[in-house]
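The C-terminal position of the sequence shown is numbered 457 in this note's numbering, with every residue numbered one higher than the one before it.
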Amino acid sequence: MLPKINRLRKKKDLGRVFKKGKNVRSPVLYFKILKTKEPSSRIGFIVSKKISLKAVERNKIRRRLRESVRAALSTLKESWDIVIIASPRIKKSSFEEIRKETEETFKNINNV
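Dropping the structure here:
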């Protein structure tokens, strides 16, 4: 579970990231990032019904994403608002693949 300070939950915050944020794409995940002046980075997750109509599967994917972000959060050097959107290919990906993609993307975000 992500600490409460690292969660991006409000609709207006998500909208701001979508409107003003930059796109970073990896094979399985799509990231919208926006630099902020907040004390810590905040992350939101979107797993749509295009991925699966079953809520159980979508929640499983969300749990995997949260855990991979929690492990890689320390690699972010600055404060960011990040929305992670899962692509349909995520269903065939293992947790290790998701974790590696998240870590690599977070390392690249520091260079943006």
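Note that beta-carbon positions come from the ideal geometry of N, C-alpha and C, so glycine has one too.
Which one or two residues does DSSP pair with residue i in a beta bridge?
{"i": "glutamate 427", "result": "Note that residue 427 is isoleucine in the sequence shown here, rather than glutamate. Answer is Ile378 and Ile388, bridged to isoleucine 427."}
{"i": "arginine 352", "result": "Ile388"}
If we cut at 8 Å on Cβ distances, does residue i have a partner in chain B?
{"i": "isoleucine 391", "result": "Absent here is chain B; the protein component of the structure consists of one chain."}
Among residues of its own chain, excluding the 5 on either side of residue i, which ones have a beta-carbon nearer than 7 Å to its beta-carbon?
{"i": "arginine 444", "result": "Ser413 and Ala416"}
{"i": "serine 432", "result": "Val373, Leu374 and Tyr375"}
{"i": "arginine 403", "result": "Val392, Ile396 and Ser397"}
Residue i lies in the alpha helix (DSSP H); which residues open and close that run?
{"i": "asparagine 368", "result": "Note, asparagine 368: premise wrong, no alpha helix (DSSP H); beta strand (DSSP E) at 367-370."}
{"i": "leucine 421", "result": "Per DSSP, leucine 421 belongs to no alpha helix (DSSP H) and is neither H nor E."}
{"i": "asparagine 453", "result": "440-454"}
For residue i, does the count of other Cβ atoms within 10 angstroms reach 16, so buried, or fall short, so exposed?
{"i": "arginine 408", "result": "exposed"}
{"i": "isoleucine 454", "result": "buried"}
{"i": "valine 401", "result": "exposed"}
{"i": "lysine 364", "result": "exposed"}
Output needed for residue i: all residues of its chain with C-beta closer than 6 Å, excluding positions within five of it in sequence on either side, in chain order.
{"i": "arginine 411", "result": "Leu347"}
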